[in-house]
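**Q**
In UniProt numbering, the protein residues as written are 1 to 314.
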């Protein structure tokens with residue numbers, strides 16, 4: 001077996017297409033920390049029994065932007081064919097058919113940034129730096145004075161997203177781009193959509209934009225309502241326990257499909273190991289709507305999510 005070497009995912013090179021996303025940046029850590037006991041087949045029969053004994057209306061399947069396009073389509077078909085609920089949370093953000101391109105960002109005269117984009121998304125953060133070098137004014141809303149984005153911003157705001165937008169709207173015009181990865185209220189999105197400029201929502205997970213093209217996202221309140229009526233929860237490669245702040249002890253049975261440990265697997269009754277990002281093929285859609293494909297870098301006998309679904313259907 002060959003030795004695993006690190007990759008320089010920020011280097012401008014075709015081999016790094018897709019490696020700037022969170023799954024790509026964490027791919028080696030995920031692989032090195034994956035579950036040692038990878039015999040997922042041992043749990044399939046137990047999961048089948050749980051599903052057969054449950055009312056389908058009380059079963060919820062969770063997927064997210066951590067899943068590839070192919071996995072999301074398989075998860076959707078699995079849930080719909082069995083009458084299960086689907087839970088998909090996209091940070092309360094929306095999909096837009098037309099968004100600013102990376103070139104729009106770096107060529108803008110004014111860039112308005114909501115969130116610590118330079119730290120949380122280096123690929124887009126680099127374009128914001130280019131805009132600064134090209135003479136653009138950078139205005140930023142950040143939650144912490146120590147944020148990376150605040151280091152290059154001409155002005156910073158920290159009270160609220162809504163107040164930031166209200167304070168800046170008189171300065172926002174067709175030469176501006178608003179780049180954001182968070183909101184605090186539904187009104188924030190309405191304010192952004194009403195601006196006379198290009199916008200670029202940046203999602204926290206690699207394939208959230210791709211998932212939004214396949215599934216309808218739920219708000220956090222809608223997710224809580226769905227979980228309140230859930231007795232059996234199947235989570236496909238997501239850490240919703242850490243993300244949502246819901247009391248998951250109210251759910252009778254939690255089943256996780258994950259490559260390595262997280263707070264959701266710790267709260268689960270059954271954990272099925274699955275392939276890491278390095279061990280599978282697939283495709284995802286980036287923030288600009290471009291579909292990117294990737295191939296497995298390491299061979300593995302661990303079950304993929306699609307193989308798990310095939311076995312559950314078998």
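The C-beta atom is built at its ideal place from N, Cα and C for all residues, glycine as well.
Everything numeric in this text was worked out from a predicted model, so none of it was measured.
Buried or exposed: residue 250, going by 16 or more other Cβ atoms within 10 Å of its Cβ?
**A** Exposed is the call here.
**Q** Please state if the CB of residue 271 and the CB of residue 265 are separated by a distance shorter than 7 angstroms.
**A** For residue 265 and residue 271, yes; Cβs fall inside 7 angstroms.
**Q** Using only the alpha-carbon positions, how far apart do residue 86 and residue 53 sit?
**A** About 19 angstroms.
**Q** Would you say the stretch 153-160 touches the stretch 56-73, given that touching needs at least three Cβ pairs under 8 angstroms?
**A** As far as the Cβ criterion goes, the stretch 153-160 does not touch the stretch 56-73, which means the pair count is below three.
**Q** Below 6 angstroms CB to CB, which residues in the same chain sit around residue 233 once its five sequence neighbours on both sides are set aside?
**A** The answer, listed in chain order, is 60, 251 and 254.
**Q** Under 8 angstroms: do the stretch 198-207 and the stretch 219-233 share three or more Cβ pairs, one atom per stretch?
**A** No, they do not touch.
**Q** In three-state terms, what does DSSP make of residue 85?
**A** Strand.
**Q** Would you kindly report the start and end of the unbroken beta strand (DSSP E) that includes residue 132?
**A** Premise fails: residue 132 lies in the alpha helix (DSSP H), 122-133, not in any beta strand (DSSP E).
**Q** For residue 293, list the residues DSSP reports as bridge partners.
**A** Beta-bridge pairing links residue 293 to 283.
**Q** Taking buried to mean at least 16 other C-beta atoms within 10 Å of its own C-beta, is residue 103 buried or exposed?
**A** Classification of residue 103: exposed, given that the 10 Å Cβ count is below 16.
**Q** Between residue 31 and the rest of its own chain, which residues show a CB-CB distance below 6 angstroms, the 5 nearest in sequence each way excluded?
**A** Note on residue 31: pLDDT 47, under 50, position unreliable in the model; no value is reported.
**Q** Return the CA-CA distance between residue 229 and residue 62, expressed in angstroms with no decimal places.
**A** For residue 229 and residue 62, the distance between alpha carbons rounds to 14 angstroms.
**Q** Out of 308, 207 and 187, state which residue places its alpha-carbon closest to the alpha-carbon of residue 285.
**A** Here the closest residue by C-alpha is 207.
**Q** Who does residue 258 pair with in a DSSP beta bridge?
**A** BP columns for residue 258 point to 273.
**Q** With a threshold of 16 other CB atoms inside 10 Å of the CB of residue 237, please say whether the residue is buried or exposed.
**A** With 16 or more other Cβ atoms within 10 Å, it is buried.
**Q** Give me, in chain order, the residues of the same chain whose beta-carbon lies closer than 8 angstroms to that of residue 282; leave out the 5 immediate sequence neighbours on both sides.
**A** 68, 69, 70, 71, 293 and 294.
**Q** Can you look up residue 68 in the DSSP assignment and give me helix, strand or coil?
**A** Three-state result, residue 68: coil.
**Q** Look up residue 316 in the DSSP assignment and say whether it is helix, strand or coil.
**A** Nothing about residue 316 can be reported from this structure: the residues present for the chain run from 1 to 314 only.
**Q** Please classify residue 310 as buried or exposed, where buried requires at least 16 neighbouring CB atoms within 10 angstroms.
**A** Exposed, by the Cβ-count rule.
**Q** Check each candidate in 245, 134 and 185 and name the one with the smallest Cα separation from residue 92.
**A** Comparing Cα-Cα distances from residue 92 to each of 245, 134 and 185, the minimum goes to 185.
**Q** Taking the straight line between their C-alpha atoms, what separation do you get for residue 246 and residue 224?
**A** Cα-Cα distance, rounded: 7 angstroms.
**Q** Where DSSP assigns a beta bridge to residue 140, which residues make up the other side?
**A** 113 and 156, per the DSSP bridge assignment.
**Q** Please classify residue 80 as buried or exposed, where buried requires at least 16 other C-beta atoms within 10 Å of its C-beta.
**A** Exposed, by the Cβ-count rule.
**Q** Might you give, ordered along the chain, the residues of its own chain that have their beta carbon closer than 8 angstroms to the beta carbon of residue 148, omitting 5 neighbours on each side?
**A** Around residue 148: 116, 118, 119 and 125.
**Q** Is DSSP giving residue 183 helix, strand or coil here?
**A** Coil at residue 183, not helix or strand.
**Q** Whole angstroms are fine: how far does the CA of residue 105 sit from the CA of residue 135?
**A** Approximately 12 angstroms, taken between the alpha carbons.
**Q** List in chain order: all unbroken alpha helix (DSSP H) runs of 4+ residues lying wholly within the stretch 194-225.
**A** Listed in chain order, they are 208-212.
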